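Under this note's numbering, the letters of the sequence shown match residues 100 to 254, in that order.
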Amino acid sequence: MLVTLLESESELYNTGIVDVSHKFPKMYVVRPQFFIPIITLLRNAAMTSLQYKAELALVRNQNIDITNFEEKMNNFKEGFARNYELASRRFKEAIDEIDKTIHHLQKTKEALMSSENNLRLANNKAEDLTIKKLTHGNPTMKAKFEELTDNPEII
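Right under this line is the structure:
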C-alpha cells in the first residue's frame, strides 16, 4: 500500500483507492484521508477470509467424517457378507449330512424289513415242516419212524 500526496492534481488518485496491481503486484495507492478506510476494508476482508477458512475446515472435517463413516459401513457390509456366506455354506453342509443320514437310515430300514420278511418266511417253513414231509422220498427214514410208532417203548 502506497500512501502519497504526490501528483495532488491527479483525479485518478484523488477519487479514492486505486488498484495499480497491473504495474506492481498487490499494490494500492491511496491518499492519507483514505488510509483508515482501506485498513478497515483489509481487516474486514481478512476476518471474512478467516471465517470462510473456518467454514471450509468444518466442511472438510464433515467430509472426512462421512468418508470414515462410509468406510466403516462398507467394512461392516463386507464382514457381514463374509459371515453370511460362511454360515450359509455350513448350513448347506449340515443339510447335506442330514440327507445322507436319512438315506442311510432308509437303507437300514429296508434291510430290516427284508430281514423280517425272510424271518417270517423261515417261520412259515418251520411251521409247515412235518415228519411226513421230511421222510417223503426217503425209505430208510420212513421205516425208522414207522418202527418208532409201532414200538412206543423205544421212545
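The beta carbon of each residue, even a glycine, is placed where N, CA and C say it ideally should be.
From a predicted model like this one, the values you see are computed outputs, not experimental measurements.
(message) Quick check on the burial criterion: 16 or more other C-beta atoms within 10 angstroms. Buried or exposed for Y183?
(response) By the neighbour-count criterion, in which a residue is buried when 16 or more other Cβ atoms sit within 10 angstroms of its Cβ, Y183 is exposed.
(request) May I have the straight-line CA-CA distance separating T234 from E215, to the nearest angstrom? (result) Per the coordinates, the alpha-carbon of T234 lies some 29 angstroms from the alpha-carbon of E215.
(request) With DSSP collapsed to three states, give me the class of L140. (result) Here L140 sits in helix by DSSP.
(message) With three or more beta-carbon pairs closer than 8 angstroms as the criterion, would you say the region 167-175 touches the region 132-141?
(response) Segment contact: the region 167-175 against the region 132-141, fewer than three CB-CB distances shorter than 8 angstroms; contact not assigned.
(request) Measure the C-alpha to C-alpha separation of Q205 and N217 and round it to an integer number of angstroms. (result) Rounded to whole angstroms, the gap between the alpha carbons of Q205 and N217 is 18 angstroms.
(message) Are the CB atoms of V128 and Y112 within a distance shorter than 7 angstroms?
(response) Closer than 7 angstroms, so yes.
(message) Contact criterion: CB-CB distance below 7 angstroms. Does F179 meet it with respect to chain B?
(response) Structure shown: chain B not included; a single protein chain is present.
(message) Checking 7 angstroms against the spacing of the C-beta atoms, do M126 and V119 come in under that value?
(response) Yes, Cβ-Cβ distance for M126 and V119 is below 7 angstroms.
(request) Could you please give the first and the last residue of the uninterrupted beta strand (DSSP E) stretch that includes V128? (result) Annotation: the continuous beta strand (DSSP E) that includes V128 extends over 127-129.
(message) Could you check if V158 belongs to the surroundings of the ligand ATP, using beta carbon to heavy atom distance under 6 angstroms?
(response) This structure lacks the ligand ATP, and indeed carries no ligand of any kind.
(request) Give the DSSP bridge partners of L101, in chain order. (result) The secondary-structure analysis by DSSP pairs L101 across a beta bridge with V128.
(request) Tell me, please, which residues DSSP counts as bridged to D118. (result) In DSSP, D118 forms a bridge with Y127.
(request) Mind checking which residues open and close the alpha helix (DSSP H) that includes N113? (result) It spans 110-113 - the alpha helix (DSSP H) in which N113 sits, taken as one unbroken run.
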